[in-house]
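Numbered as in the working numbering, the sequence shown ends at 1255 without a single skipped number. We put the CB at the ideal spot given by N, CA and C, even for glycine. Computed from a prediction, not measured in an experiment: that's the story for all the values here. Okay, so here's the structure we're looking at.
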Amino acid sequence: MQRTTVIRGGIVLDQRGRRRSELRLADGHIVEVSESIDPGVNDDVVDARGCIIVPGLVDLQAHLREPGHGHIDSIETGTAAAAQGGITALVSMPNTSPCIDEPDLVRFVNERANALGRCDVMSSAAMSVGRCGDRPSDIEALYAAGARLFTDDGTAVMDAAVVRSVMERVATLPGAYVGQHAEDEALIADGHINEGLISERLGIRGRPALAEAPVGARDLLLAELTGARYHVLHASCATTLELVAWSRARGVDVTVEVTPQHLSYTEEALSDGDALFKMNPPLRTAADQAALRCALADGAIDAIATDHAPHSDERKELPLDQAAPGMTGLETSLAAALTDVVEPGFASFETIIAAMTGQPARIAGLDQWGHGGPLKPGAPANLAIVDAGEVWTVDPAGLASRSSNNPYRGRQLRGRVVHTFLRGSQTWSTRERLEPARS
Ligand SMILES: [Zn+2]
């Protein structure tokens, strides 16, 4: 029988607000929430004094690299990284090898994560067979296997008829949604970073922010036509946000995510050619970043998603035009948002938590798996305990990801996940868990 855990002395923050509460966990659930709980002699006690207790975080976009690239990172290391970041559920991306375009592959990813027990994983599925973009995959079969997000992420599907066909089918499936890596292939050509001052100075081919518009606008109109739900993956520029606002005004069911790195950094991070900051879509201008921060604060952006993308040092420590695009972030997403968004006053702590718990859970349907809160009696005990004042230095050696391409490495961040619980089991802790029960 699972032991009873009592979490004492913390402040609970979820969609019901902020209040002083103690929690008792048993059999994977929250069984008691009250201002004060006296633990029994056999209870495990977690000291949450000075900490905020939030629903387990939910990440809408993580590349776990398995199947096919387990030497770079894996479902095992990726879900351990998630737990370290306070994440209890995530949506994994389908650009693996083979790509996730068969029901058995969806099941493989979900079941592998489930067996490891560190973080629930809902695999997305490729929109097109082989992620080739020319033929829709078997959407209904992939849905039956558990996929809700249909995307070829890594690349956009450029054939509008394929997107339309996928959307027509998605529109009939409750909870299903379509997402795109919205960069027009012809416009990005072989660009590597944002097209602008830095690409010009470095003499390297850029990817214009404009490349997001043709794919985004087309998809939003197709979503309007078909009634499909649409999710904008990793929005990076002001124009995309303007298109979303326009589409929402026309009644389209569209949601938007932003990555912590687009909130923290601009193209300036690449001014000395450091490929650690190379990603797609690229880090953009300060004006784009300001628009993203504003949209997050005013609710136009629904979620913060990591786009966690592990790469080996060999593929990352190369000149900009050869290095792999992408950065890791599962372990650091909350700390990064607290440090670079909340602390400077761009958005509130409450906004960040909502964008990392309840809102993404609803988008992916992970609320139906018991994620995203609220923290109330009877709910599965999926939660994270955050020391909002703790300052720590990001050292890849101390992160669970096997790869070290974390863009916050070497930086001091304020705010740290000190405990994570998945269905009452502790999946991460920076601290000694057991304390003598109060007599
Ligand atoms: Zn992408």
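Which listed residue (the options) has its alpha carbon closest to that of residue i
i: Phe966; options: Leu989, Ala942, Arg951; result: Ala942
i: Asp859; options: Ser850, Asp1090, Ala842; result: Ala842
i: Ala1044; options: Pro1160, Arg964, Gly825; result: Arg964
i: Ile1120; options: Ala1163, Ala1027, Glu1001; result: Ala1163
i: Gly995; options: Arg1021, Ala1039, Val849; result: Ala1039
i: Pro1196; options: Val1207, Leu1182, Ala1204; result: Leu1182
i: Leu958; options: Cys915, Leu1013, Gly1226, Ile1004; result: Cys915
i: Ala1216; options: Trp1185, Arg836, Ile888; result: Ile888
i: Ala1005; options: Thr912, Asp1035, Thr971; result: Thr971
i: Arg1034; options: Ser1015, Gly1022, Glu999; result: Glu999
i: Arg951; options: Met938, Ser940, Asp975; result: Asp975
i: Leu906; options: Ala1152, Asn1222, Leu1146, Tyr1224; result: Leu1146
i: Val925; options: Asp1129, Leu873, Gly962; result: Gly962
i: Ile1014; options: Lys1192, Asp830, Glu1084, Ala992; result: Glu1084
i: Asp830; options: Glu1166, Glu918, Arg1017; result: Glu1166
i: Gly933; options: Pro1212, Pro1223, Gly1231, Asn1198; result: Asn1198
i: Arg1100; options: Gly825, Gly1022, Gly901; result: Gly1022
i: Thr1055; options: Ser1080, Glu1028, Ile1020, Ala1113; result: Glu1028
i: Arg1131; options: Asp1090, Arg923, Arg835; result: Asp1090
i: Ser939; options: Leu921, Gly949, Leu1036; result: Leu921
i: Glu918; options: Val945, Ala898, Ala929; result: Val945
i: Ala1113; options: Asp1137, Cys867, Glu956, Val1157; result: Val1157
i: Cys948; options: Val978, Asp1104, Glu956; result: Val978
i: Asp1211; options: Arg1247, Cys935, Ser1220; result: Ser1220
i: Gly826; options: Gly1240, Val1234, Gln1138; result: Val1234
i: Asp808; options: Pro1030, Arg1230, Val1060, Ile1169; result: Here the chain comprises residues numbered 817 to 1255, so residue 808 is not present and cannot be evaluated.
Coarse secondary structure for residue i, derived from DSSP in three states
i: Glu1040; result: helix
i: Gly894; result: helix
i: Tyr959; result: helix
i: Arg824; result: strand
i: Arg947; result: helix
i: Gly1174; result: helix
i: Glu1206; result: strand
i: Met1095; result: coil
i: Gln831; result: coil
i: Thr1167; result: helix
i: Ala1200; result: strand
i: Gly1231; result: strand
i: Glu1001; result: helix
i: Val979; result: helix
i: Ser819; result: According to the sequence displayed, residue 819 carries Arg and not Ser. In this structure, Arg819 counts as coil in the three-state DSSP scheme.
i: Ala878; result: strand
i: Glu1084; result: helix
i: Thr1243; result: strand
i: Glu1147; result: coil
i: Glu1251; result: With a pLDDT of only 43 at Glu1251, under the threshold of 50, the placement of this residue in the model should not be trusted; the figure read from the coordinates follows. It is coil, neither helix nor strand.
i: Pro1193; result: coil
i: Pro1076; result: helix
i: Val1158; result: helix
i: Gly1181; result: coil
i: Leu1108; result: helix
i: Pro952; result: strand
i: Val994; result: strand
Any non-hydrogen atom of ligand 1 closer than 7 angstroms to residue i Cβ
i: Gly1022; result: no
i: Asp1123; result: yes
4-residue-minimum alpha helix (DSSP H) runs that sit fully inside the stretch 1005–1069, ordered along the chain: 1013–1018, 1028–1042, 1054–1065
Neighbourhood of ligand 1 [Cβ distance below 5 angstroms to any heavy atom], ordered by chain position: Asp969, His997
Alpha helix (DSSP H) runs contained entirely in the stretch 1114–1142, provided each spans 4 or more residues: 1129–1132
Every unbroken alpha helix (DSSP H) within the stretch 905–942, with a cutoff of 4 residues, ordered by chain: 919–932
Any beta strand (DSSP E) of 3 or more consecutive residues that is wholly inside the stretch 835–874: 838–842, 845–850, 860–863, 868–871
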